[in-house]
Amino acid sequence: RASNLSEEQLNKIVEYIVRMGYKCEGDLRRDIAQNLKRLQAVKCYRGLRHFRGLPVRGQRTRTNARTRKGKRKTVGVAAAPAK
Numbered sequence: 208r209a210s211n212l213s214e215e216q217l218n219k220i221v222e223y224i225v226r227m228g229y230k231c232e233g234d235l236r237r238d239i240a241q242n243l244k245r246l247q248a249v250k251c252y253r254g255l256r257h258f259r260g261l262p263v264r265g266q267r268t269r270t271n272a273r274t275r276k277g278k279r280k281t282v283g284v285a286a287a288p289a290k
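Offset between the sequence shown (1-based) and the numbering used here: plus 207.
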């Protein structure tokens with residue numbers, strides 16, 4: 208566990224991550240956001256799917272995809288007549 212490591216051990220881990228050139232935390236988030244912006248600016252299929260909030264990797268959307276599409280919206284359904 209990271210909480211059990213000494214300060215020296217944590218510094219060694221951080222130094223290794225920096226030396227190997229891995230991106231983490233803010234840098235990684237910024238790169239991902241820039242990649243999505245680039246896809247949307249080019250107006251490619253993946254960028255448009257991200258923009259519209261739909262599944263990007265070819266999943267079906269006729270049914271399912273609720274987590275990506277959001278809360279269900281009913282369209283064109285009239286209320287039942289009261290008796």
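The beta-carbon is built from N, C-alpha and C at its ideal position, and this holds for glycine as well.
In chain order, what residues of the same chain lie with their CB nearer than 7 Å to the CB of residue i, ignoring the 5 residues before and after it?
i, result
"Asp238", "Lys230"
Does DSSP put residue i in a helix, in a strand, or in coil?
i, result
"Arg269", "coil"
"Arg279", "coil"
"Arg264", "coil"
"Arg208", "coil"
"Ala286", "coil"
"Gly228", "coil"
"Lys250", "coil"
Within a Cβ cutoff of 8 Å, which residues of the same chain sit near residue i, ignoring the five residues on either side of it in sequence?
i, result
"Leu212", "Ile220"
"Ala272", "Leu261, Pro262, Gln266"
"Gly277", "Gly260"
"Arg279", "Arg273"
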